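As structure tokens, the structure follows; a few thoughts come after it.
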DNA sequence: TTTTGTATACCCCATACAGGGGGATTTTGA
DNA sequence: TCAAAATCCCCCTGTATGGGGTATACAAAA
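Residue numbers (the working numbering), protein chains in the order written: chain W, 2 to 211; chain D, 2 to 211.
Encoded structure:
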């Protein structure tokens, strides 16, 4: 495989050593080409439309505009570009923020070069590369608490409440009486030690009961 | 690395060829041992407490008790056992159901043996192995629609509504008048073409506006 | 420059809903 | 068979909701 159209990459990373290191390593690899690298988002934004890379390696911890804030701005200019986040800290909020804003993958700088090259290839192939710990964080966010104090029926009802349904609609939909729904809700409030739907939803989500 | 304590595995899979194939391949690998394999969940459940495997390879498409329903039952017996789902169909609902119920990873049967062995190792190391397409589905579930018709403020308010907050609490919390909140909600309903908080939440979630 | 969109705020109205108090009965699973 | 879960019933008060219309200030786009 020689002289195929190379995968084009842009690096946005403030640490010069890392930036130059990645640039060198990627350019030294067959079929990969770093079009440009920037030390901050501001510079990158004015040049990206010209660069039109397939993949952007984006540091999270940047001066000025932070990496996460940059994601929607970049996606706006280049909707088809894949964004891979680079980070040293595996902060949970950052992970979810970056993903909701449109990042396609999430790597840690401690990942070795081979893994990062693989990730670039994988994202171009339509994948979603993540380092091991990030995958763990993501999967863990799905896991529900198996020790919920709520019964099956109570959980069902609380989920409906969290979907904005009124008690009477829940009753109709579950083919039970409004009074039954009220009873369940009373028990839910008792068990969660709350006095409103708002607090019940908050408590249940915090503890991953729903 | 020879004669370390092996990683113990149980396979639950109804296709005999696949079951025996995996059993053979895993046993042929250094430091891995298949304690038992079962063709259905019912048989597995009565023996698992004795087997006490570190990892279970669990097929989704099983006769009788389906793989997904089996997860909480297994987790109940063996809370520390890692469950890796095996599937042929990359069905989105199945993926999320399995993950919420406590599966630690998600592989497709088309993954080659090496990948499956790597996944077993990775999950024991505390990771969350996923095949490429599954990772893509998971990451995509986080992505929000960047073309929301709602303004920033409207989105904020709709998120509060989805958290169960009343209009007056939203007003207090956002330091704006109740009437302003009402105005925003009116506009949200107009834009989403709905007439209730319930439908607004549903519509917004369907389109990933929130 | 004029128009449009956004965020802000105010008024009125009728209905539905929420939360809390007290029960009771039946169904089900261990 | 016995406790937990799910079901249903009555009372009460205060608040929330959805829809009607109007208006202003400001920024951005046409």
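Where is the CB? At the ideal position from N, CA and C, for every residue including glycine.
For clarity, every value in this text was computed on a predicted model and none was experimentally measured.
In whole angstroms, what separates the C-alpha of residue i from that of residue j?
i: residue 121/W; j: residue 25/W; result: 15 Å
i: residue 17/D; j: residue 156/D; result: 52 Å
i: residue 168/W; j: residue 187/W; result: 12 Å
i: residue 2/D; j: residue 30/D; result: Residue confidence for residue 2/D is low, a pLDDT of 49 falling below 50, so the modelled location carries little weight and cannot support an answer.
i: residue 212/D; j: residue 11/D; result: An answer regarding residue 212/D cannot be provided, because it is not within the stretch 2 to 211 covered by chain D.
i: residue 174/W; j: residue 185/W; result: 15 Å
i: residue 38/W; j: residue 82/W; result: 15 Å
i: residue 19/W; j: residue 118/W; result: 15 Å
i: residue 193/D; j: residue 204/D; result: 7 Å
i: residue 104/D; j: residue 162/D; result: 31 Å
i: residue 5/D; j: residue 34/D; result: 11 Å
i: residue 43/D; j: residue 70/D; result: 11 Å
i: residue 116/D; j: residue 62/D; result: 21 Å
i: residue 152/W; j: residue 80/D; result: 20 Å
i: residue 9/D; j: residue 54/D; result: 5 Å
i: residue 209/D; j: residue 146/D; result: 5 Å
i: residue 129/W; j: residue 73/W; result: 18 Å
i: residue 50/W; j: residue 137/D; result: 26 Å
i: residue 165/W; j: residue 7/D; result: 50 Å
i: residue 13/W; j: residue 211/D; result: 28 Å
i: residue 176/W; j: residue 150/D; result: 35 Å
i: residue 131/D; j: residue 148/D; result: 29 Å
i: residue 40/W; j: residue 68/W; result: 11 Å
i: residue 94/W; j: residue 101/W; result: 11 Å
i: residue 182/D; j: residue 28/W; result: 53 Å
i: residue 111/W; j: residue 133/W; result: 11 Å
i: residue 106/W; j: residue 64/D; result: 36 Å
Residue i lies in the alpha helix (DSSP H); which residues open and close that run?
i: residue 195/W; result: Careful: residue 195/W lies outside any alpha helix (DSSP H) and carries neither H nor E.
i: residue 178/W; result: Element bounds for residue 178/W: n/a, residue is neither H nor E.
i: residue 22/D; result: 17 to 28
i: residue 161/D; result: 153 to 163
i: residue 116/D; result: 114 to 125
i: residue 68/W; result: 68 to 78
i: residue 102/D; result: 93 to 102
Check for me: the beta strand (DSSP E) holding residue i runs from which residue to which?
i: residue 85/W; result: 83 to 88
i: residue 13/W; result: 8 to 13
i: residue 107/D; result: 106 to 109
From the DSSP output, which residues share a beta bridge with residue i?
i: residue 60/W; result: 87/W
i: residue 38/D; result: 12/D
i: residue 131/D; result: 107/D
i: residue 33/W; result: 8/W
When you check each C-beta in the segment 36 to 48 of chain W against every C-beta of chain D, which residues fall closer than 7 Å? none
Taking 8 Å as the cut-off, does the segment 85 to 97 of chain D touch the segment 58 to 75 of chain D (at least 3 CB pairs, one atom from each stretch)? yes
At least three beta-carbon pairs within less than 8 Å, the segment 103 to 122 of chain W to the segment 149 to 163 of chain W: no
Mind listing which residues of the segment 83 to 99 of chain D have their C-beta closer than 8 Å to chain W's C-betas, in chain order? 97
Evaluate contact between the segment 190 to 198 of chain D and the segment 132 to 142 of chain D, counting only Cβ atoms and requiring at least three cross-stretch pairs below 8 Å. no
Which residues of the segment 100 to 120 of chain D have a Cβ closer than 9 Å to any Cβ of chain W? Give them in chain order. 100, 101, 102, 103, 104, 105, 106 and 107
Which residues, taken in chain order from the segment 130 to 146 of chain D, show a beta carbon closer than 7 Å to some beta carbon of chain W? 131, 133, 136, 137, 139, 140, 143, 144 and 145
Determine which residues of the segment 144 to 168 of chain W have a Cβ less than 8 Å from any Cβ of chain D, and write them out in chain order. 144, 145, 147, 162, 163, 164, 165, 166 and 167
Under 9 Å (Cβ pairs) to chain D, residues found in the segment 184 to 206 of chain W: 197, 198, 199, 200, 201, 202, 203 and 206
Anything in the segment 7 to 23 of chain D with a Cβ closer than 9 Å to a Cβ of chain W? List those residues in chain order, please. none
Residues from the segment 66 to 85 of chain W in contact with chain D, defined by Cβ distance under 7 Å: 73 and 76
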